[in-house]
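Data first, discussion second: the structure below is written as structure tokens.
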Amino acid sequence: MTVPDSKVTSLIWGTLDHTIITGHEDGAITQWDLRTGKSIETVKDHQGSINDMQKNRQGTMFVTASKDKTSKLFDVDDLSVHKVYVTERPVNSASLSPVYDHVVLGGGQDAMDVTTTAAQAGKFDARFFHVIFEEEFARVKGHFGPINSLAFHPDGESFSTGGEDGFIRVQSFDPSYKEFRFDY
């Protein structure tokens with residue numbers, strides 16, 4: 065398949081592995097039919113490059129991470145946006161918890177814009193949002209530069225981050241995380 069317009073920056077498998085969903089440098093998301101090689105649908109719901117896309121455990125939704133300082137929850141079948149998670153920095157990676165209604169976002173400013181005070185100001189934290197309510201409820205520190213990649217462990221007991229600082233952090237959740245209930 066040839067992508068004519070914008071460079072592909074991330075991709076995931078679609079429903080029943082008959083489609084591929086691509087994220088693009090111009091903020092577009094396209095669903096491709098693997099049997100025909102043709103585009104099925106394209107949406108332009110991000111204003112900046114899409115840095116990452118990850119599906120939920122059930123494979124029905126996926127979350128994006130974008131330079132436009134947002135992460136969005138999409139439906140795999142029709143590419144409709146269900147939720148938006150807003151930050152004040154570019155989002156490089158996002159992952160959905162396999163056991164809780166949580167999404168974790170990581171990012172930060174570009175490496176050339178980083179100052180020594182940025183880490184102290186909390187610009188490189190992993191940020192937890194409630195999937196449904198779109199509210200940030202926790203942050204985890206650990207990196208001295210932008211977080212480039214993150215993922216929940218399949219059992220939901222921990223998550224890992226990889227950063228511009230050259231470190232990989234594996235964070236295990238304490239009992240208070242597992243007992244946390246969002247007030248609504």
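Residues 65 to 248 in our numbering are what the sequence shown spells out, letter by letter. Ideal placement from N, C-alpha and C gives every residue a C-beta, glycine not left out.
Own chain partners of residue i with C-beta closer than 6 Å, once the 5 adjacent residues on each side are dropped
i	result
Arg203	Asp189 and Arg191
Ser159	Gln118, Val168, Leu214, Ala215 and Phe216
Val163	Gly220
Val150	Thr134
Ile104	Gln95 and Asp97
Lys147	Leu137 and Glu198
Ser161	Phe216 and Gly220
Reference residue i; option with closest CA among the options
i	options	result
Glu89	Asp219, His146, Asp69 and Asp139	Asp69
Gly91	Ile196, Ser74 and Ile104	Ser74
Glu199	Asp142, Val145, His217 and His166	His166
Val229	Thr94, Gly87, Ser213 and Arg121	Reading the sequence as shown, one finds Asp at residue 229 and not Val. The shortest Cα separation from Asp229 among Thr94, Gly87, Ser213 and Arg121 belongs to Ser213.
Leu98	Asp132, Asp109 and Trp77	Trp77
Gln122	Thr79, Tyr149 and Lys133	Thr79
Lys102	Gly170, Val67 and Met125	Val67
Ser113	Ala129, Val145 and Phe223	Ala129
Asp247	Phe201, Val145 and Asp81	Phe201
His194	Pro239, Val127 and Thr100	Val127
Ser106	Asp81, Val145 and Asn120	The sequence shown places Thr at residue 106, not Ser. Answer by Cα proximity: Val145.
Gly226	Val155, Asp139 and Ile211	Ile211
Arg233	Gly209, Pro239 and Met65	Gly209
Chain B within 7 Å of residue i, Cβ atoms only
i	result
Leu169	The structure shown contains no chain B; it is built from a single protein chain.
Proximity below 7 Å, CB of residue i to CB of residue j
i	j	result
Gly172	Lys187	yes
Thr83	Val72	no
Leu143	Met125	no
Per-residue burial, residue i [other beta carbons within 10 Å of its own, 16 or more giving buried]
i	result
Phe197	exposed
Lys131	buried
Lys108	exposed
Ser236	exposed
Gln95	buried
Asp116	buried
Phe157	Per the sequence presented here, residue 157 reads as Ser, with Phe not at that position. Flag for Ser157 reads buried.
Phe223	buried
His110	buried
Thr100	exposed
Pro218	exposed
Ile93	buried
Residue i: CB within 6 Å of a non-hydrogen atom of the ligand ADP
i	result
Ser113	Questions concerning the ligand ADP fall outside what the structure shown contains, since it holds no ligand whatsoever.
Proximal residues to residue i (C-beta, below 7 Å), its chain only, five neighbours per side dropped
i	result
Arg153	Lys133, Gly171, Gly172, Gln173 and Lys187
Glu243	none
Met65	Trp96 and Gly101
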